[in-house]
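Asker: Below is the structure I would like to discuss, written out as structure tokens.
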Amino acid sequence: MTDYFTAHDVLKKVEGLNSLSTLNKWANFIQKECDYQFHYDYIRFASHTKTKRTINHRKTRMFSLEEIQKFQKVIELIPILGRDSSLRKFFDQKHHLDTRNHSELLIEIINQIEVKLANKEALFQALTKKYQQLERSYQTLEQRLAQLEESLSTQEQPSSGWFRRKR
Numbered sequence: 006m007t008d009y010f011t012a013h014d015v016l017k018k019v020e021g022l023n024s025l026s027t028l029n030k031w032a033n034f035i036q037k038e039c040d041y042q043f044h045y046d047y048i049r050f051a052s053h054t055k056t057k058r059t060i061n062h063r064k065t066r067m068f069s070l071e072e073i074q075k076f077q078k079v080i081e082l083i084p085i086l087g088r089d090s091s092l093r094k095f096f097d098q099k100h101h102l103d104t105r106n107h108s109e110l111l112i113e114i115i116n117q118i119e120v121k122l123a124n125k126e127a128l129f130q131a132l133t134k135k136y137q138q139l140e141r142s143y144q145t146l147e148q149r150l151a152q153l154e155e156s157l158s159t160q161e162q163p164s165s166g167w168f169r170r171k172r
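Encoded structure:
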């Protein structure tokens, strides 16, 4: 089971991240721009009034240990790359494709096409086998029909039953 930490815990664990506002802005940027989803959980909190104390639940963004480590790496890269590109580097899956050179992208595309082609080839082989089975069953049914028609024609003799035709 993955351990999750609140934003306050993240501030304590990540060196160089000093503001809850900054962390929330980064998390919002990551969710909107990078199509990354953080874990959310309902946290209990108490509110006090003059007469009573009530316990409520608040939906809170939670961070895994892996995400905390990524934030630490982002802090180190911000002076070099800037905030947006640093966050994209660690949290955006599409960014990895954007930063590759053309030969790496071409190899990736060829590999994906080969996988799709192999799947299509396997499907084609299965359909071919099914077609051959259907063809064989059709031929046996035609033969059986011919045999039944032949046996019916040989069995057609004038009946001596109740419904005789007068000639």
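If you count the sequence shown from 1, you need to add 5 to reach the working numbering.
C-beta: ideal position from N, C-alpha, C; glycine also.
#1: Give every residue of the same chain whose Cβ lies closer than 7 Å to the Cβ of Phe-96, excluding the five residues on either side of it in the sequence, and list them in chain order.
#2: So the candidates are Leu-157, Ala-32, Ile-80, Tyr-45; which of them puts its Cα closest to the Cα of Arg-63?
#3: Helix or strand or just coil, what does DSSP make of Tyr-136?
#4: Taking Trp-31 as the reference, give the member of Asn-116, Val-79, Ile-115 with the closest Cα.
#5: Does Glu-72 pass the burial test, meaning 16 or more other C-beta atoms within 10 Å, or should it be called exposed?
#6: Just how far apart, CA to CA, sit Glu-20 and Asn-33?
Answerer: Result, derived from the coordinates:
#1: Ile-35, Cys-39, Tyr-41, Lys-75
#2: If we check each option's Cα against that of Arg-63, Tyr-45 comes out closest.
#3: helix
#4: Nearest of Asn-116, Val-79, Ile-115 to Trp-31, Cα basis: Val-79.
#5: Buried.
#6: 20 Å
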